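Written out below as structure tokens is the structure these notes cover.
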Amino acid sequence: MADYKLHTAHLYGDLMNTYGDFGNIVALRYYAHQIGVEVDEKIISLGDDFDPTIYDFVLFGGGQDYEQMIVADDLPDKAPALKQYIETDGPFLGVCGGFQLLGQYFLLADGTRVNGIGTLSHYTLNQPDNRFIGNITIHDEVNDLEYHGFENHQGRTFLGDDERPLGKVVKGNGNNGEDGGEGLVYRNVYGTYFHGPILTRNGNLALHILQLALERRYPDVDWQDKIAAITPEFF
Amino acid sequence: MSLKSGLATLVGKGTYAVLHDVLHRGGTSLPGKLATKIDPNVMQSYAEKYDVILITGTNGKTLTTTLTTRVLREKYADVITNPSGSNMMQGITGTMLTSKVTDKQRRPVALLEVDEANVEAVAKQLKPKAFVLTNIFRDQMDRYGEIYTTYEKILKGIRLFPEATVIANADSPIFMRGNLPNPKVYYGFNHVPATGDMKAPHNTDGVLSPTDHSILHYHFMTFGNQGDYFSVTDDFKRPALDYAVTKLNKLTPISSNFDIDGKTFQIEIGGMYNIYNALAAYAVGRFMGVSADQIQQAFSSNAQIFGRQEAVKVDDKEVTIVLIKNPVGANQVIDMMKTDDQPFSMIALLNANYADGIDTSWIWDADFESLHDTGIQAVATGGERYKDLYVRLKMANFGDHPVYQDLKQIVPAIKTLPTKRVYILATYTAMLQLRAELKQQGYIHTGMGE
Ligand SMILES: [Zn+2]
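As given, the protein sequences belong to chains A and B, one line each in that order.
The first sequence begins at 1342 in this note's numbering and counts up one residue at a time.
The second sequence begins at 5 in this note's numbering and counts up one residue at a time.
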């Protein structure tokens, strides 16, 4: 019955999937199936081309420091295509390391500086001998929604002027433990430190991103009503 | 032994005697604590007396230790070993202090399961003859960080003793890192021809070549990132094996029959991961001069193996309780359920206390989807984090299903399931709670390994 299809790219999915990030695609697919939309997945890894016109959703997950450095070396080749995708309002979810690597640079625990793709303006500092670990709750003030998750990060991220946080921290640490913000929103790009994985626990956000992807790929269909009929999971 | 060590030993032994004989508690941690307080180097006197073998890794060290103990006892009268919960410095000190040697002719063996982060401290004191490395999978990342960090901690201990033999799982590529000068014994699988060319599934950790960081290929894989790996960009590949599983004969959820170097062995426990544990025990046994015949004998002795799984009868139901704690382990349990030729039900229980791991996101890397092709008839979820698992199974297309937040509901729920076979997957504290319920209702009589 699937008349519609969404193509998702899992960036470095074979190297950067350390915290169940794949669950985000599972969630998207679960909701999409309910309205007759197929969701496929392709891993784009070291040395692969990223074609910005093919994909409807990009997931860039978190990884270990070592894998993250290998990925950072490969990213400059893909940076122009990723920038094109983002600037043409492609839906994008960056989690933890994937969130950091979209920005200017980040510092590893030992102080090593690793450059991101530089498409977005945020940057990430380290915090020696400390990690932000635990359950986190934030409030998305634009959509008046609460999101639940689990954060586990050493990096402290600071957003640029053209970015806004995904939510305000209600409980937990968020981007840097200082400014009360968690995650980022820029065009249709979402960044977060939630390992949760964020879309499995926060169905409203999953449905919002699903709608963005469908409206961008199939602008002639009225997706609003179809999506409103889905019951989102939230816990 | 110095006067201080002598006193420390005396206090340690005395405390153990009081705990053990008067209070009937098997505790090894308190005596270790007291003795260490008096003399932090109290264990060093044991290094001279024992052949010390340390077993470490994130998964499988308890069962490997159990099986290896059994193997070594075929040859050695005195094999002392620590209870699985006592794998940190204090527990090990307690084990050493309370050990007794009966055979004065042959050097006794201390076979110790050691927590990854305690390898350096324990090795420093006990000067091991060998280090046994089982595997390193992503586990409780909130504790130690990353698999490479965990391995670094182990390496720190090994580097102190370049003469010690490293007995390592060669199927796990991470153990090829570190350029260790030590003598090595490698074990692994050679059960299928090395003709394939594949990459690991996408939720696999540790698939980068240590030489040039390219993604490893495999001739075949067993599970996780383990298998016969090779690089396509240079000549890095799995080293030659000293001991290998050469054939898998019959695998069921409760037994495994397989060949090592052409000879058939059987262990009364299911799961591929337990064959790795048996293979490690075999490698250590051969290293210590135990013959293949004696090892075969040791494996087939009737004593029940308490691994991560336990069989319990609940009225007419055959219940198997299995501990789960990370995606690689959970996927192995899922694979084990697939070897059942009877219809079965599954109850999955998730807690998120410190001992369980407080981050539950790994459940999304466990391949519950693959259970659709099996004899599975019913599913249920429970535990303090029942909602996480409920949604996990729902998104794996198992639909709406019963949830039991309170584990007191589990025993009655088992009785209503449609199948005779029941698998209960539980994280550590959920398993303890469930066992307490089963004990109270008279379905089990002893603790695990008590
Ligand atoms: Zn993270």
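Beta carbons: idealized from backbone N, C-alpha and C, even for Gly.
Treat the numbers as computed from the prediction; the structure is a model and nothing was measured.
Bridge-paired residues (DSSP) for residue i
i, result
"K1509 (chain A)", "A:H1480 and A:G1522"
"T1498 (chain A)", "A:T1465"
"K188 (chain B)", "B:V170"
"L164 (chain B)", "Beta-bridge pairing links L164 (chain B) to no other residue."
"Q255 (chain B)", "As written in the sequence, residue 255 (chain B) is Leu, which differs from the Gln given in the question. Note: L255 (chain B) sits in a beta bridge opposite B:S260."
"R142 (chain B)", "In the DSSP output, where bridge partners are listed per residue, R142 (chain B) has none listed."
"F1473 (chain A)", "A:H1494"
"T268 (chain B)", "B:D263"
"F234 (chain B)", "B:H221 and B:K241"
"T324 (chain B)", "B:A315 and B:Y427"
"N1543 (chain A)", "A:F1575"
"N1514 (chain A)", "Its beta-bridge partners do not exist; DSSP assigns none."
"I57 (chain B)", "B:L115 and B:A134"
"H1577 (chain A)", "Any answer about residue 1577 (chain A) is impossible in this case: the structure gives chain A only from 1342 up to 1576."
"Y247 (chain B)", "B:Y191"
"L202 (chain B)", "Note that residue 202 (chain B) is Met in the sequence shown, not Leu. Answer is B:Y222."
"F1440 (chain A)", "Answer by DSSP bridge pairing: none, since F1440 (chain A) is not bridged."
"G403 (chain B)", "Note: G403 (chain B) sits in no beta bridge, so no partner."
"Y1527 (chain A)", "A:V1530"
"R1454 (chain A)", "A:L1448"
"F303 (chain B)", "F303 (chain B) pairs with nothing; no bridge assigned."
"G36 (chain B)", "DSSP lists no partner for G36 (chain B)."
"G1 (chain B)", "With chain B running from 5 to 454 in the structure shown, residue 1 (chain B) is simply not present."
Where residue i meets chain B, residues with beta-carbon distance less than 9 Å
i, result
"H1494 (chain A)", "Simply none; closest approach about 11 Å."
"V1510 (chain A)", "The premise fails here: V1510 (chain A) is roughly 18 Å from chain B at the closest Cβ pair, so nothing lies under 9 Å."
"F1447 (chain A)", "None at all; the shortest Cβ gap to chain B is about 16 Å."
"D1406 (chain A)", "G149, E150, Y152 and T153"
Chain-ordered chain A contacts of residue i [CB-CB under 8 Å]
i, result
"H206 (chain B)", "H1351, G1354, D1355, N1358, F1363 and I1384"
"K203 (chain B)", "D1355"
"V46 (chain B)", "Those do not exist, as V46 (chain B) stays about 30 Å from chain A at its closest Cβ, beyond 8 Å."
"V395 (chain B)", "T1541, R1542, E1574 and F1576"
Where residue i meets chain A, residues with beta-carbon distance less than 7 Å
i, result
"S103 (chain B)", "Here the premise fails: no neighbours, minimum Cβ distance about 38 Å."
"K391 (chain B)", "F1576"
"D3 (chain B)", "Residue 3 (chain B) is absent from the model: chain B starts at 5 and stops at 454."
"D369 (chain B)", "G1361 and F1363"
Rounded distance between the beta-carbons of residue j and residue i, thought under 8 Å
i, j, result
"G1475 (chain A)", "Y1488 (chain A)", "Contact flag wrong, Cβ pair sits at about 15 Å."
"V75 (chain B)", "V288 (chain B)", "7 Å"
"E1504 (chain A)", "V1526 (chain A)", "7 Å"
"E272 (chain B)", "R425 (chain B)", "Not confirmed; about 17 Å, so no contact."
"E1382 (chain A)", "I1366 (chain A)", "6 Å"
"Y427 (chain B)", "F372 (chain B)", "So it is not a contact: roughly 12 Å between Cβ atoms."
"G228 (chain B)", "F141 (chain B)", "6 Å"
"A168 (chain B)", "P132 (chain B)", "5 Å"
"L1546 (chain A)", "N1529 (chain A)", "So it is not a contact: roughly 12 Å between Cβ atoms."
"Q1405 (chain A)", "Y432 (chain B)", "Going by Cβ atoms, the distance from Q1405 (chain A) to Y432 (chain B) rounds to 24 Å, so no, they are not a contact pair."
"E117 (chain B)", "N86 (chain B)", "6 Å"
"M225 (chain B)", "A198 (chain B)", "About 11 Å; that fails the 8 Å criterion."
"Y1464 (chain A)", "V1455 (chain A)", "Between V1455 (chain A) and Y1464 (chain A) the Cβ distance is about 11 Å, and since that is not below 8 Å, they are no contact."
"F1398 (chain A)", "Y1531 (chain A)", "11 Å between Cβ atoms; not a contact."
"M100 (chain B)", "A114 (chain B)", "7 Å"
"I1384 (chain A)", "H449 (chain B)", "Not confirmed; about 50 Å, so no contact."
"V1510 (chain A)", "I1458 (chain A)", "No, V1510 (chain A) and I1458 (chain A) are not in contact; Cβ-Cβ is about 26 Å, not under 8 Å."
Proximal residues of chain B, C-beta to C-beta of residue i below 7 Å
i, result
"Q1375 (chain A)", "In chain order: nothing, as chain B lies at least about 11 Å away."
"Y1371 (chain A)", "M399"
"A1368 (chain A)", "M399"
Interface flag, residue i vs chain C, CB-CB below 8 Å
i, result
"D1451 (chain A)", "Among the protein chains of the structure shown, namely A and B, there is no chain C."
Contact set between residue i and chain B, taken where Cβ atoms lie within less than 8 Å
i, result
"L1387 (chain A)", "S218 and I219"
"F1491 (chain A)", "I362, D363, T364 and S365"
Amino acids of chain A, ordered along the chain, whose beta-carbon sits closer than 9 Å to that of residue i
i, result
"L212 (chain B)", "L1356, Y1407, E1408 and I1411"
"R163 (chain B)", "In chain order: nothing, as chain A lies at least about 19 Å away."
* Please specify which runs of the alpha helix (DSSP H), each continuous and at least 4 residues long, are wholly inside the segment 1343 to 1429 of chain A, giving them in chain order. => 1364 to 1374 and 1406 to 1428
* Asked: Curious, which full-length beta strand (DSSP E) runs of at least 3 residues does the segment 342 to 399 of chain B contain?
  -> 348 to 353 and 380 to 386
* Asked: Quick one, which residues of the segment 1530 to 1553 of chain A are near chain B if we go by CB-CB under 8 Å, in chain order?
  -> H1536, G1537, P1538, T1541 and R1542
* Interfacial residues, the segment 1408 to 1434 of chain A to chain B, with Cβ spacing under 9 Å -> E1408, M1410, I1411 and D1414
* Between the segment 116 to 134 of chain B and chain A, which residues of the former have a C-beta closer than 9 Å to a C-beta of the latter? -> none
* What are the residues of the segment 220 to 238 of chain B that lie near chain A, defined by any Cβ-Cβ distance shorter than 8 Å? -> none
* To do: Just list the beta strand (DSSP E) runs in the segment 63 to 128 of chain B, keeping only unbroken ones of 3 residues or longer that don't cross its boundaries, in chain order.
  => 83 to 85 and 113 to 117
* **Residues of the segment 68 to 92 of chain B with Cβ closer than 9 Å to any Cβ of chain A, in chain order** => none
* **Under 9 Å (Cβ pairs) to chain A, residues found in the segment 168 to 195 of chain B** => none
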